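Chemist: Here the protein sequences line up with chains A and B, keeping their order.
Note that the first sequence covers residues 803 to 1262 in the working numbering.
Note that the second sequence covers residues 659 to 898 in the working numbering.
All C-beta atoms, glycine included, are put in the ideal place defined by N, C-alpha and C.
What you are looking at is a predicted structure, and each value in this text was computed from that prediction instead of being measured.
For reference, the structure I am asking about is given below.
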Amino acid sequence: MLRFIIAFIVCKATYTGLRLLGRRASHTPGRIALHICPDYIRYLKKPKHILCVTGTNGKSTVCNLLEDALRTNGYTVLDNKFGSNTENGIAVTMTRGVTIFNRCKYDDCVLEVDERSSTRIFRNIHPDYLIVVDLFRDSCKRNAHPDFISDIITNAVPDDTVLILNADDVIGSRVRIEGNNRRIHFNVLPLEGESAGEPNIINDAGYCPVCGGVPEFTFRRYHHIGHFRCPSCGLQNPKSDHVVTGIDAQKNELYAEHNGNAFTYPLIQASTFNVYNEIAAISLLLELGLTPEQIAKSLKNIKVTDSRYYEKQIGDVKFISHVVKGLNPVAFSVVSNYVKQIEGDKSVFMFLDDNVEIKVGCENLTWYYEADLERLADDSVKHIYISGFRAEDMKYRLLLAGVPEDRMTTFHEPFDIVNIADFSKAPTFIMLFELYLYDEQMKLRKQLEEKIEAFGRDRK
Amino acid sequence: MTVEILYEKAYLYGDEFNAEYLRRCLPDAEFVCTDLQDKPYFADHTPDIIYMGATTERNQLRIIDALMPYKDRLAQLIEDGVHILFTGNSVDVLGEYIHVLEVDNKTENTYKALGLFPCHVDLVMNKRFFCSILGNGCGSDIIGFKTQFGHTYDLPEEYGFITVERGTGICPGAKLEGIHKNNLYATYIIGPLLVMNPKFTKFFLESAGADVKIPFEDVALKAYEIRLAEFKDPKRTGIG
């Protein structure tokens, strides 16, 4: 207990000090506290309900929806929105949640949990509810593959945590399949006018996870998400408790059934990923006792803001800057698909090399070959500029994807794009940048915007 | 020419594109894809090339089960000089056994592998290993990346495939990476290996008697030469 008290005082003091210095303090105070007392989080007083959200994509959005809905309905909520989702960050969040006498100040706690860190986090935090939004491939050096992440979560989650799972995800829905946990499922039926997605290179349910048979997808939305059936052993998606039966993007409405009863909710965003996020959050809020009406009311004013996306119209040129999460092939596929779907012709600038990864020896290029870059071979993509150490490798990948060679320019120094880019090639210019190159991207964005403005003046 | 692709639907880490690359390089070849519940084509025929890529640890055990009845046939094909390429953790199936320390860091399991080479694999599921690698094999420089849960131990040096210049070999401290016997080449390198190493790809396929068409060969070679010069530069950090 003495170690905890020392760790607690140091954590509180470090947090306050760093905040006074204008730092985020989302990580370091927790690291110090856990160094002093490895079970530090266990001894902190917790809110009544601990609601955790994990998975590959959508964690932040689901957490934001839960927090907003609970607050709107009068609950006090502790969250790690501005902190890290690893053990150190959770330690900081939980410390923020208590007084100096270690009394908890909140009713509920909504925690985004890094799926790879769940073993360490759930050792000292007992989630009442855990949403697993989905499990996809992420960085192969850290996360290996979804089956491994499923094993990690399965091993970490206590037996009495209620699991809220995506029934359309044949891997994620099998987390703790042999445990005694209560299981609640959500899914999204094929939406009006929605056809099966274009083929993806990645399908992590190429063989049945139970028997190794070759499954049939009666409807495959993307990757391994969809309606799965194994002819060899009969495995299929679990039955859902909360089903999205349709959306109306014009009216901004989402239609759902809960155990057979139909309800209408405001649609927070029409992308399928966000429809999954919304129904995941609704499923948990219903479990907590909120009525569909209360949930609908609280969702009314919520807007999903995408911090990874920036758009500005500069004269005749629309400038878009979009994050590509490095090493993550599924995210890269989603962005490539998005680029293809942007209306009209466009040029693309790829600013992807991560020097940090090269320096510490964890570089790999496998994600180039797992991502569906074939989408960029679309005729609307008039030119692709590729910068960096691996520009020739990306060019080669794009050639194999079907992009004509005369539509590509490679160069080493990313800032040269300012002089190389030809803004007359297409009315939209899209910069795809690696997440960890955010600061450089900001500098580059400014220079490109100035250049586009000058281009507009010259044109006039 | 017949190419057998083993268990393609299970591939990981970009090895999907090794299989695709073989199709692009050998447009006139016949490709036979074997799934987990199929009898391998090589059981009753002699393909010119057999390829298998990286997969999950769960599928790896299924693959061992699927191949076990045909391990003697596979040994015979290796002796006969059939061209075989295993990449990523598909190397693991070749040894005598795979010992696994599971994700809970307590449970240990040992699984029998095909026993085609006198070595074994230790996997530690809570410890991910990764590195970049530069070496020499089959007369060309080979570059790639490794990311895996464990290593192969006790492999006699006579079966080494790539002489490592920078990076980690088949296990920590080893100066040799992969397994080589006659025309069997097995390596933990992902990358994908074939796409990233056009010289090795050409050597492997031509020695199998193929009429090889490396797609956009000039661009493939340029990308390879840039990486090679960088990996050979002693000032370049992060390798090894």
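#1: Measuring only between beta-carbons, confirm whether residue 978 of chain A sits less than 8 Å from chain B.
#2: What are the start and end residues of the beta strand (DSSP E) that includes residue 646 of chain B?
#3: Which whole-angstrom value describes the C-beta separation of residue 843 of chain A and residue 892 of chain A, a residue pair presumed to lie in contact below a C-beta threshold of 8 Å?
#4: Please list the terminal residues of the continuous alpha helix (DSSP H) segment that includes residue 884 of chain A.
#5: Within 10 angstroms of its Cβ, does residue 806 of chain B collect 16 or more other Cβ (buried), or is it exposed?
#6: Under a CB-based cut-off of 8 Å, is residue 1202 of chain A close to chain B?
#7: Which residues does DSSP list as the beta-bridge partners of residue 910 of chain A?
#8: Would you mind stating whether residue 815 of chain B and residue 834 of chain B have Cβ atoms separated by less than 8 Å?
#9: For a contact meaning CB atoms closer than 7 Å, what does residue 1153 of chain A contact in chain B?
#10: Could one say the Cβ of residue 943 of chain A lies closer than 8 Å to chain B's Cβ atoms, at least one of them?
#11: Return the chain-ordered list of same chain residues with a C-beta closer than 6 Å to the C-beta of residue 890 of chain A, the five sequence neighbours on each side being excluded.
#12: Give me the residue from A:1259, A:1042, A:805 and A:894 with the minimum Cα distance to residue 813 of chain A.
#13: Compare the C-alpha of residue 878 of chain B against each of A:1140, A:810 and A:1193 and name the closest.
#14: With which residues is residue 659 of chain B paired in a DSSP beta bridge?
#15: With distance defined between alpha-carbon atoms, name the residue in B:882, B:753 and B:875 nearest to residue 611 of chain B.
#16: Who are the neighbours of residue 798 of chain A on chain B, taking C-beta pairs under 9 Å?
#17: Leaving out five residues before and five after residue 1016 of chain A in sequence, what residues of the same chain have Cβ atoms less than 7 Å from its Cβ?
#18: Should residue 876 of chain A go down as buried or exposed, given a rule of 16 or more other Cβ atoms within 10 Å for buried?
#19: What distance in whole Å lies between the Cβ atoms of residue 843 of chain B and residue 862 of chain B, which are believed to be in contact at a cut-off of 8 Å?
#20: Run through DSSP, which three-state label would residue 1185 of chain A get?
#21: Around the C-beta of residue 1052 of chain A, are 16 or more other C-beta atoms found within 10 angstroms, so that it is buried, or is it exposed?
#22: Closest to residue 1087 of chain A by C-alpha separation, out of A:845, A:856 and A:910, would be which residue?
#23: Here's the rule I'm using: 16 or more other beta-carbon atoms within 10 Å means buried, otherwise exposed. How should residue 811 of chain A be labelled?
#24: So, for residue 727 of chain B: in the same chain, excluding its five sequence neighbours on each side, which residues have a beta-carbon less than 6 Å away from its beta-carbon?
#25: Against chain A, which members of the segment 701-729 of chain B pass a CB distance test of less than 7 Å?
#26: Which runs of the alpha helix (DSSP H) spanning at least 4 residues fall entirely within the segment 1060-1093 of chain A, listed in chain order?
#27: If you run the structure through DSSP and keep just helix, strand and coil, what is residue 938 of chain A?
#28: What span of residues does the beta strand (DSSP E) with residue 926 of chain A cover, start to end?
#29: What number of angstroms, rounded off, separates the C-alpha of residue 819 of chain A from the C-alpha of residue 825 of chain A?
#30: Got a sec: which bits of the segment 663-680 of chain B sit with their beta carbon under 7 Å from any beta carbon on chain A, in order along the chain?
#31: How about the segment 742-758 of chain B and the segment 767-781 of chain B: do they share at least three Cβ pairs that are nearer than 8 Å?
#32: Would you report the Cα separation of residue 823 of chain A and residue 1241 of chain A, rounded to the nearest angstrom?
#33: With burial defined as no fewer than 16 other Cβ atoms inside 10 Å of the residue's Cβ, what is the status of residue 976 of chain A: buried or exposed?
#34: Would you decide whether residue 886 of chain A is buried or exposed? Buried here means 16 or more other CB atoms lie within 10 Å of its CB.
#35: Looking only at C-alpha atoms, which of B:664, B:873 and B:896 sits nearest to residue 1202 of chain A?
#36: Can you tell me the Cα-Cα spacing of residue 916 of chain A and residue 954 of chain A, whole angstroms?
Modeler: Per the coordinate set shown:
#1: no
#2: Absent from the model: residue 646 of chain B. The displayed extent of chain B is 659 to 898, so no value can be given.
#3: 6 Å
#4: No alpha helix (DSSP H) holds residue 884 of chain A; DSSP gives it neither H nor E.
#5: buried
#6: yes
#7: A:851 and A:879
#8: yes
#9: The contacting residues do not exist; residue 1153 of chain A stays about 18 Å from chain B at best.
#10: yes
#11: 829, 832 and 833
#12: A:894
#13: A:1193
#14: For residue 659 of chain B, which the question treats as bridged, DSSP gives no partner whatsoever.
#15: Not covered by the structure: residue 611 of chain B. The range shown for chain B is 659 to 898.
#16: With chain A covering only 803 through 1262, there is no way to say anything about residue 798 of chain A.
#17: 1009
#18: exposed
#19: 7 Å
#20: strand
#21: exposed
#22: A:910
#23: exposed
#24: none
#25: 714, 716, 717 and 720
#26: 1074-1089
#27: coil
#28: Careful: residue 926 of chain A lies outside any beta strand (DSSP E), inside the alpha helix (DSSP H) at 920-926.
#29: 9 Å
#30: 667, 668, 670, 671, 672, 674 and 675
#31: yes
#32: 21 Å
#33: buried
#34: buried
#35: B:873
#36: 11 Å
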